[in-house]
Amino acid sequence: METPRHGFCHGADMDPERVRQRWPGARFVARARIVTGGVGDLGDEAAAGDEVGLDRAWGILLAVAADEDMAGGEPVRVRTDDGRSFGATVLTTGDDLADPVETIRWARYWELSPAYVVALATAHGQPGVIEEG
325 METPRHGFCH GADMDPERVR QRWPGARFVA RARIVTGGVG DLGDEAAAGD
375 EVGLDRAWGI LLAVAADEDM AGGEPVRVRT DDGRSFGATV LTTGDDLADP
425 VETIRWARYW ELSPAYVVAL ATAHGQPGVI EEG
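The sequence shown lines up with residues 325 to 457 when you count with my numbering.
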């Protein structure tokens, strides 16, 4: 059995339909966040308050089939919401981040960290998006 490659989405590309279109063989692994500061297991370095900063983007981790394109993405280390650590490739493009309302919509859909969603909405001047549902 082939070891899956992992991709990380954190913009409008978290839309399940977009995932199916771009990477038909991809499977959801977990909610996760980028862990900055190294490629190894950071243990306790990632304190609970770190989840709020936008420099540690939350998103979804996908297992991507070997024959699917992940070219051009930045390699990162992510930590899942249940504490697992993975190497991944960022799949999100600039186009996926162009509309902050869509990013916030899919962050809410995937039930990413509530503190992160509030910080994201506030940073983009969209606090009302949180209440709209």
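Idealized CB from N, CA, C, for every residue including glycine.
Asked                                                                                                                                                                                       : Found
Is it buried or exposed, VAL425, if we count other Cβ atoms within 10 angstroms and call 16 or more buried?                                                                                 : exposed
Which partner residues of ARG330 appear in the DSSP bridge assignment?                                                                                                                      : It should be pointed out that residue 330 corresponds to His in this sequence rather than to Arg. Answer by DSSP bridge pairing, in chain order: ALA387.
If contact is defined by three or more beta carbon pairs under 8 angstroms, each pair taking one atom from either stretch, is the region 437-453 in contact with the region 395-402?        : no
Output the residue ranges of the beta strand (DSSP E) runs that lie fully inside the region 387-451 and measure 3 residues or longer, sorted by chain position.                             : 399-404, 409-414
Looking at C-alpha atoms only, which residue of ASP339, GLY449, GLY335, HIS330 is the closest neighbour of TRP382?                                                                          : GLY335
Do LEU386 and ALA350 count as a contact pair if the criterion is CB distance below 8 angstroms?                                                                                             : yes
Would you mind stating whether THR404 and ALA439 have Cβ atoms separated by less than 8 angstroms?                                                                                          : no
For ARG486, write down the residues that DSSP places opposite it in a beta bridge.                                                                                                          : Residue 486 falls outside the range modelled here, since the chain spans only 325 to 457, and no answer is possible.
How should ASP337 be labelled, buried or exposed, when 16 other C-beta atoms within 10 angstroms of its C-beta is the threshold for buried?                                                 : buried
Kindly list the residues whose CB is nearer than 7 angstroms to the CB of ASP423, restricted to its own chain and excluding five residues on each side of it in sequence; keep chain order. : ALA336
So, under 8 angstroms CB-CB, PHE332 and LEU421 are touching, yes? Tell me the CB distance rounded to an integer number of Å.                                                                : That pair is no contact at about 13 angstroms.
CB-CB under 7 angstroms to PHE352, same chain, minus the five flanking residues each way: which ones, in chain order?                                                                       : ILE384, LEU386
Can you tell me where the alpha helix (DSSP H) with PRO340 in it begins and where it stops?                                                                                                 : 340-346
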